[in-house]
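Comments concern the structure below.
2 protein chains.
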Amino acid sequence: MNNFVFYSPTEFVFGKDTEAQTGSLVRKYGGTRVMIVYGGGSVQRSGLLARIEESLQAAGVTYCELGGVQPNPTEPKVYEGIRLCREQGVDMLLAVGGGSVIDTAKSIAVGALYEGDFWDFYIGKASITKALKVGVVLTIPAAGSEGSGNAVITHSVTLQKLGIRAPEVLRPVFAVMNPELTYTLPAYQTASGIADMMVHIMERYFTNTEGVEVSDRLCEGTLVAIIKEAYRLKANPNDYDARANIMWCGTIAHNGTCGVGREEDWASHFLEHEVSALYDVTHGAGLAVIVPAWMAFVAERNPKKVAQFAHRVFGVPQSDDLLEMALSGVSQLKFFFRYIGLPVSFKELGIEQPDIDTLVANLHRNKGLTVGSYVKLTSADTEEIYRMAL
Amino acid sequence: MNNFVFYSPTEFVFGKDTEAQTGSLVRKYGGTRVMIVYGGGSVQRSGLLARIEESLQAAGVTYCELGGVQPNPTEPKVYEGIRLCREQGVDMLLAVGGGSVIDTAKSIAVGALYEGDFWDFYIGKASITKALKVGVVLTIPAAGSEGSGNAVITHSVTLQKLGIRAPEVLRPVFAVMNPELTYTLPAYQTASGIADMMVHIMERYFTNTEGVEVSDRLCEGTLVAIIKEAYRLKANPNDYDARANIMWCGTIAHNGTCGVGREEDWASHFLEHEVSALYDVTHGAGLAVIVPAWMAFVAERNPKKVAQFAHRVFGVPQSDDLLEMALSGVSQLKFFFRYIGLPVSFKELGIEQPDIDTLVANLHRNKGLTVGSYVKLTSADTEEIYRMAL
């Protein structure tokens, strides 16, 4: 086991009607004038935004609003938010939405306290030392950004989809999580979120670090729970407990719980980020296409952990033929993704002929000569993985 | 799943040589003058105390010391610490040890800022609203106090063993955890710690709350990891990875990770607290005596979750006879406790004829007419459980 720091200071307030506590949580963490950041009109139509505003008013918190954040969020909305923050003297961001909204809010939070261009943090020209506080009301369980110190933004001109990481500064101070708010999510978005959280766990799970029994078991247990609850959810999208389990799994998948003391991989995320940057597909759906191909590729070179995954998560019987076990696990994972309505190939994703040359070139321009650690992937390898996903 | 708050703000700094960071962590969290609290002479003999003092000096932190905390800590040491704190103008407690030392430090931390008697908090005469900050260098993985908002003290006159709970105030700000520091623990203390952390998980696991798949899986996964690593540790007490896994399991067993969204039980802890208050036995060893008896008793009345435990943690085959499955799990648990060197009866604990009448009377005087929630236990029930443990 490697040395590690586990630090997850976010206060998660979870359950029915918890959005009514938003105002008092903002006060508790020192906010007096917040900017509410949100995406499309669904939070308005559902009445959620009105309930949150009521809670803020009751707590004596004033607010302004920044709506219209898009999936795969880009830099113009961040600049708009930074401007508004400064004009309005905002002292806390309140993200109401999923990963795209939260990541936009985090980017505004660092940008508002920085004299230069916030994109400097994304391209490594500046280091994050401070940010406005961010609170969250989560409506889409997927990205885990409500408990993470990370954010991802796509640059609309260069099409670079890049991330920042600053656990001490960027973790939200609180996250309100009411599973009932997710009843109305379209099935495709629910399924994409499930793929995203599963892969957050897998990026940590697939490691060559030895002696990490407890985090292996936490990863496997969370994956088993997600799969079981996904089946229940497919039978009844209004099953509260299934929604609640899925929502909490999305958080622990990415707040560090599953990843202590081990080298992580992240090749699948990097492979996918190029796809959604170029084709603007849903990140989780892109992962459902990439991950089975990635897993089949690495199984041929390093089957051990893939075989363990197959056995402990999907119940594939143990055998001496680790590769056989591993590939059986890949089949089960593909079957599961398909069952919940996700694509498992570029074709099913609606991209008949992806520009693989550009994907590979962008990937290695952004991430270096090799990506991943469970198996280090060169450009020849990543090209093959993209082809396997056709 | 019930509504819940998950809030674990402690910064855990885990791994080899991490005690060298103690001074800078104290500074980071605002300490300038600390009181080092510790137990017997082992932290002096091992050189750990000297290394920590060196680290504090290097960070420009001044300090005073309070040694001599005993297992099952009592109130006189707390009063001594409160006096010393005030005399010396201490602004942070630094606990170097296990649960007894940390709980003493937490009690001093609340008492130092309170004009009345700190015992008021234990008997419910006052509510905890503030405390000095507490940092930890952990040397015994067991109680989980390094990540919890709880403390337990035994009153030496009344023999009441009582607890306080104030998650927002009492959680340590940081915990330094170097598994190498646990190599020299006597085997009996290692084993008692293992029992303690396992039962922290079980107190959460045994619930009638439905729809808690993810926390069930986290509980089961952590228990499986503990058992596997305990076998490795028995073969080689200097196995770093085994020590590391056990140490981290002790923390997540009690920081809330395994217990979200469910009613908890805690009857076994209350049953045991009376035993160690009256006979001054090691808490974990007392639990190894009590828990199998408790589990056999509740299995007869509510076998469902015990059967699930038997199957998922100990691999007992599934069958329609849940009671049979459950009792097979109890046997396996007893076998495991014995294997790692723990007593599983009062007799093996060295108490041939425990004063069951007094134990039962004290228990219900301290904890009310019934204890537990998985099965609510009356005084007739707790008497029978104590007898089953003879």
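For the protein sequence lines, the chains are A and B, in the order given. Read in order, the letters of the first sequence are residues 8 to 397 in the numbering used here. Read in order, the letters of the second sequence are residues 8 to 397 in the numbering used here. Glycine is no exception: its CB is placed at the ideal position from the N, C-alpha and C atoms.
Distance check for residue j and residue i, CA to CA, integer angstroms please.
i, j, result
"B/S222", "B/E122", "41 Å"
"B/N5", "B/G375", "Because chain B spans 8 through 397 in this model, residue 5 of chain B falls outside it and cannot be assessed."
"A/E153", "A/E359", "34 Å"
"B/K337", "A/I253", "In the sequence as displayed, the identity of residue 337 of chain B is Val instead of Lys. One C-alpha to the other measures close to 31 Å."
"A/D124", "A/G118", "7 Å"
"B/T289", "B/S199", "7 Å"
"A/P148", "A/Y190", "11 Å"
"A/N245", "A/G47", "22 Å"
"A/V159", "B/F13", "25 Å"
"B/P361", "B/A300", "15 Å"
"B/L101", "B/G156", "16 Å"
"B/V143", "B/V183", "6 Å"
"B/T25", "B/N185", "6 Å"
"B/A260", "B/R178", "15 Å"
"B/T214", "B/N243", "35 Å"
"B/V219", "A/G106", "25 Å"
"A/T146", "A/V108", "10 Å"
"A/S134", "A/R172", "10 Å"
"B/F353", "B/R58", "41 Å"
"B/Q95", "B/T69", "10 Å"
"A/S326", "B/R394", "47 Å"
"A/L384", "A/E270", "15 Å"
"A/V305", "A/N9", "23 Å"
"B/K241", "B/G228", "20 Å"
Is residue i buried or exposed, if buried means 16 or more other CB atoms sit within 10 Å of its CB?
i, result
"A/Y346", "exposed"
"A/V206", "buried"
"A/E307", "exposed"
"A/Y407", "Coverage of chain A is limited to positions 8 through 397, which leaves residue 407 of chain A absent and any answer about it impossible."
"A/F342", "exposed"
"A/N262", "buried"
"B/Q315", "buried"
"B/G54", "exposed"
"A/D388", "buried"
"B/P83", "exposed"
"A/T197", "buried"
"B/K137", "exposed"
"A/E217", "exposed"
Thinking just about the alpha-carbon of each residue, which of the options is nearest to the one in residue i?
i, options, result
"B/E175", "B/E355, B/T17, B/L145", "B/T17"
"B/V320", "B/L230, B/E72, B/G67, B/S15", "B/L230"
"B/R93", "B/L139, B/V50, B/C226", "B/L139"
"B/A284", "B/T29, B/Q77, B/S62", "B/Q77"
"B/S31", "B/S15, B/E61, B/K23, B/L397", "B/E61"
"B/V50", "B/S386, B/G74, B/Y70, B/A27", "B/G74"
"A/L278", "A/A317, A/V103, A/I234, A/T365", "A/T365"
"A/D287", "A/P80, A/K35, A/A66", "A/P80"
"B/A6", "B/W273, B/I363, B/K235, B/I43", "Only positions 8 to 397 of chain B appear in the structure, and residue 6 of chain B is not among them; the question remains open."
"A/G293", "A/D328, A/I201, A/I233", "A/I201"
"A/Y247", "A/F11, A/M8, A/G22, A/N10", "A/G22"
"A/F344", "A/M204, A/Q325, A/Q167", "A/M204"
Counting contacts by CB-CB distance shorter than 8 Å, is residue i in contact with chain B?
i, result
"A/K235", "yes"
"A/K23", "yes"
"A/L225", "yes"
"A/G268", "yes"
"A/P310", "no"
"A/F19", "yes"
"A/P16", "yes"
"A/G218", "yes"
"A/V12", "yes"
"A/T197", "no"
Measuring only between beta-carbons, confirm whether residue i sits less than 8 Å from chain A.
i, result
"B/P148", "no"
"B/N9", "yes"
"B/G200", "no"
"B/G388", "Sequence check: residue 388 of chain B is Asp here, not Gly. Chain A contact via Cβ: absent."
"B/T264", "yes"
"B/D327", "no"
At 7 Å on the CB atoms, spell out the chain D contacts of residue i, in chain order.
i, result
"A/V221", "This model lacks chain D altogether, as its protein chains are A and B."
- Task: Note down, one range per segment and in chain order, each alpha helix (DSSP H) of at least 4 residues found wholly within the segment 186-242 of chain B.
- Result: Fully enclosed alpha helix (DSSP H) runs of 4 or longer: 194-212, 220-242.
- Item | Length-filtered (4 minimum) alpha helix (DSSP H) runs lying within the segment 82-110 of chain A | As far as the segment 82-110 of chain A is concerned, its whole alpha helix (DSSP H) runs of at least 4 residues are 82-95.
- Message: Just to confirm the assignment: which complete alpha helix (DSSP H) runs, minimum length 4, are found wholly within the segment 119-154 of chain A?
- Response: Correct list: 126-129.
- Task: Scan the segment 21-77 of chain B and note each continuous alpha helix (DSSP H) run of 4 residues or more that stays entirely inside, going in chain order.
- Result: Runs of the alpha helix (DSSP H) inside the segment 21-77 of chain B: 29-35, 49-52, 55-65.
- Query: Where in the segment 263-289 of chain A do unbroken runs of the alpha helix (DSSP H), each at least 4 residues long, occur, reported from the N-terminal end onward?
  - Reply: Secondary structure remark: continuous alpha helix (DSSP H) runs of at least 4 residues inside the segment 263-289 of chain A, in chain order: 274-286.
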